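Anchor point for the sequence shown: position 73 equals 73 in UniProt numbering, and the numbering is continuous, going up by one each time.
A virtual CB, placed ideally from N, CA and C, is assigned to each residue, including glycine.
Being a predicted model, the structure only gives us computed values, none of them experimental.
What follows is one structure encoded as structure tokens, with my remarks underneath.
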Amino acid sequence: MCSWLTQESWTSRRGLTKDGYELQFGVNYMSHALLVRRLLPLLERTATTQPSADVRIIVLTSAAFRAGPIAFDKLKTVQNNFLLMGGIMRYGQSKLADLLLARELAERYPAILSVSVTPGMVATGLVRNHSAFKVGFSWLSAQLTQGGYIKTEEGAYSQLWCVAAPRDKIVPGVLYEPVGLLSKMSSKHSTDKNISKKLWEWTDAELKKWD
Numbered sequence: 001m002c003s004w005l006t007q008e009s010w011t012s013r014r015g016l017t018k019d020g021y022e023l024q025f026g027v028n029y030m031s032h033a034l035l036v037r038r039l040l041p042l043l044e045r046t047a048t049t050q051p052s053a054d055v056r057i058i059v060l061t062s063a064a065f066r067a068g069p070i071a072f073d074k075l076k077t078v079q080n081n082f083l084l085m086g087g088i089m090r091y092g093q094s095k096l097a098d099l100l101l102a103r104e105l106a107e108r109y110p111a112i113l114s115v116s117v118t119p120g121m122v123a124t125g126l127v128r129n130h131s132a133f134k135v136g137f138s139w140l141s142a143q144l145t146q147g148g149y150i151k152t153e154e155g156a157y158s159q160l161w162c163v164a165a166p167r168d169k170i171v172p173g174v175l176y177e178p179v180g181l182l183s184k185m186s187s188k189h190s191t192d193k194n195i196s197k198k199l200w201e202w203t204d205a206e207l208k209k210w211d
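Here you go:
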């Protein structure tokens, strides 16, 4: 389980990774997709040959996935097309990709338990150290969606639940939210199987150079 959180998710800063991907998409999604790709042979072998194995892939996403879609034709640009709230749009795009990755993994590798999870809106500097408008927007969102911020020390509870809960209590491929709850959050992009398949195939083609 891995994830990268940055102050830049709510700012307008644009950039590319060293490998030429939009900054947030490259770090939040592509790096993790590559790690999973490298580990998959071992994970699948363990899951299918060890009787007591309980192999899991937990992908950390965010409620911001609803800010998608995935701009496939601009993933190797700084994405100037995202103007208003551009930072959160780019962040949301990467988190939509994470959610879809977990879903595809669950379908393609059923011996491995793969799910996505959102930690909720946690009271960290990620949501506090910004302009008054963004701080206010974040605070209002937290109040409306979850009754306020989650305490910093409780921010990992959802992820830990997905790691430690009995396997038969977890539904493969779905999204969980704090704590251990099946999420009802969705968007037209997150439920589109064609987008999910397209992302998988696009990612596979992109990552072959690192095989």
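Excluding the 5 residues flanking residue i on each side, which residues of the same chain have their C-beta closer than 7 Å to its C-beta?
i      : result
Trp202 : Phe72
Lys208 : none
Lys151 : Ala123
Glu44  : Tyr109, Ala111, Ile112
Alpha carbon to alpha carbon, how far is residue j from residue i? Give it in angstroms, no decimals.
i           : j      : result
Leu160      : Thr17  : 30 Å
Met30       : Gln143 : 32 Å
Leu105      : Tyr157 : 23 Å
residue 253 : Thr46  : A query on residue 253 cannot be resolved here, the shown segment of the chain reaching from 1 to 211 and no further.
Leu140      : Tyr149 : 10 Å
Gly155      : Leu199 : 29 Å
Val27       : Ser52  : 33 Å
Leu181      : Lys197 : 26 Å
Arg37       : Val174 : 20 Å
His32       : Ala132 : 32 Å
Ala67       : Ile170 : 26 Å
Sort out for me which residues DSSP pairs residue i with in a bridge.
i      : result
Tyr176 : Val117, Leu182
Arg167 : Bridge partners of Arg167: none, in fact.
Glu22  : Leu16
Leu60  : Val117
Val122 : Ile150
Can you find the residues in the same chain that come closer than 8 Å, C-beta to C-beta, to residue i, ignoring five residues on each side of it along the sequence?
i           : result
residue 216 : Not covered by the structure: residue 216. The range shown for the chain is 1 to 211.
Pro69       : Gln93, Leu96, His189, Ile195
Ala205      : none
Ala64       : Ser9, Ile88, Tyr91, Gly92, Lys95
Pro172      : Ala106, Pro110, Leu113, Ser114, Val115
Asp54       : Leu113, Arg167
Closer than 6 Å by C-beta to residue i: which residues in its own chain qualify, once you throw out the five before and the five after it? Chain order, please.
i      : result
Glu177 : Thr118, Ser183
Arg14  : Val78
Thr61  : Lys95, Asp98, Leu99, Ser116, Thr118
Indicate whether the contact test is met: 3 or more Cβ pairs, each with one atom in the region 181-192 and one in the region 13-24, closer than 8 Å. No, the region 181-192 is not in contact with the region 13-24.
Stretch-stretch touch, CB-based, cutoff 8 Å, three pairs: the region 90-107 with the region 156-166: Pairwise C-beta distances place the region 90-107 out of contact with the region 156-166, as fewer than three of them are shorter than 8 Å.
May I have a chain-ordered list of the alpha helix (DSSP H) segments no shorter than 4 residues that lie completely inside the region 34-78? Whole alpha helix (DSSP H) segments, 4+ residues: zero.
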